[in-house]
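Here the sequence shown is numbered in this note's numbering, starting from -4 and rising by one per residue. Where a beta carbon is used, it is the ideal one built from N, C-alpha and C, also for glycine. Quick notes on the structure that follows.
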Amino acid sequence: KVVCAPYKAEELLMVTSLLMLQQNPKEEKEKAAMTLFQVAGDDCVTKTHDMFQVALEHKYKNSELLVNHANDGNAEKMYDELVNHADPNSKTKDDMVLLAAINSKNADAVKVLCEFNVSMKSKGEKSVMAETISYNSSDDIIKVLFDAGAPMNDVYNKSYYTKPSCEGGWSGAAAVGESVFFAPYNSDSVLVFDTSNNTKSMIKCEVSGGRKWSDITAVGTKL
């Protein structure tokens, strides 16, 4: 089945090379592909990228086995499925592969999906990051999703807390640089998660009491 017909022969060759690399990224194939890209030039590489995405999407197939491996947190078996063109957004009747990987508590399982450009769109009202927090996921998983570009400004969760006495402490989050800032809902402090070193800190605010803020957004470097 023909999915695209590049006008230039080198574009067809480059699409073929990318598909081979995606399935079996051996070192010698990487070197050969990089040499081809250098010879072809920037314009050809740019055109080829779009063609490659179209060709790859035609090869994708929904894989319930991938979802099962994600539930088990088995990153190696997930990788084997993905290089054989399992859709990185595969799902079953009851589960999505990314949420399954998050729920497994294994950051490597989440990371391998991100490496294959999994979508950060959730099936429900909560964002992927909100789901992650509601699962009490590790800082490692939050960092993987943050580095992969998971949206931060639509994090709504009132059960993320570091102290049992502060239930419903924060609601809403926004990222500036490598740090994620959580708006204080019942807490008296802004919660800061630094993804560069996986540390948390607090910024005391001058307002006390409950239900202070329900969201936070970033505009440039300001919150």
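One Cα belongs to K199, the other to S184, and the distance between them is close to 4 Å. For F141, the uninterrupted alpha helix (DSSP H) segment begins and ends at D134 to D142. Between E71 and P83, the alpha-carbon positions lie close to 14 Å from each other.
Here V107 has A70, M73 and Y74 as same chain residues with Cβ atoms under 6 Å from its own Cβ, once five neighbours each way along the sequence are excluded.
Between L94 and A169, the CB-CB gap reaches or exceeds 8 Å. Beta-bridge partners assigned by DSSP to S174: V171 and D189. With a threshold of 16 other beta carbon atoms within 10 Å, S117 meets it and is buried.
Just measuring C-alpha positions, the residue of T216, V214, T194 and S129 sitting nearest D135 is T194.
In the three-state reduction of the DSSP assignment, M115 falls in the coil class, being assigned neither a helical nor a strand state.
In terms of Cβ geometry, A102 and V139 form a close pair [threshold 8 Å]. The beta carbon of G68 is closer than 6 Å to those of S99, N101 and A104 in its chain, skipping five residues each way along the sequence. Of all alpha-carbon atoms in G164, G204 and V49, the one lying nearest the alpha-carbon of I128 is that of G164. The alpha carbon of M115 has as its nearest neighbour, out of I137, E59 and H53, the alpha carbon of I137.
The DSSP-derived three-state label of T194 is strand. According to the DSSP assignment, A96 belongs to the alpha helix (DSSP H) that extends over V92 to N98. Rounded to whole angstroms, the separation of the alpha carbons of S182 and E201 is 11 Å. Collapsing the DSSP output to three states places A145 in coil.
For V78, the enclosing alpha helix (DSSP H) begins and ends at A70 to V78. Secondary structure at A125: helix, using DSSP grouped into helix, strand and coil. Per the C-alpha coordinates, the member of K54, V49, V171 and V113 positioned closest to A65 is V113.
Judged by DSSP secondary structure, L218 falls outside any alpha helix (DSSP H); it is assigned neither H nor E.
Around V187, the same chain offers S174, V175, F176, F177, K195, S196, M197 and I198 as residues with beta carbons nearer than 8 Å, after the five sequence neighbours per side are excluded.
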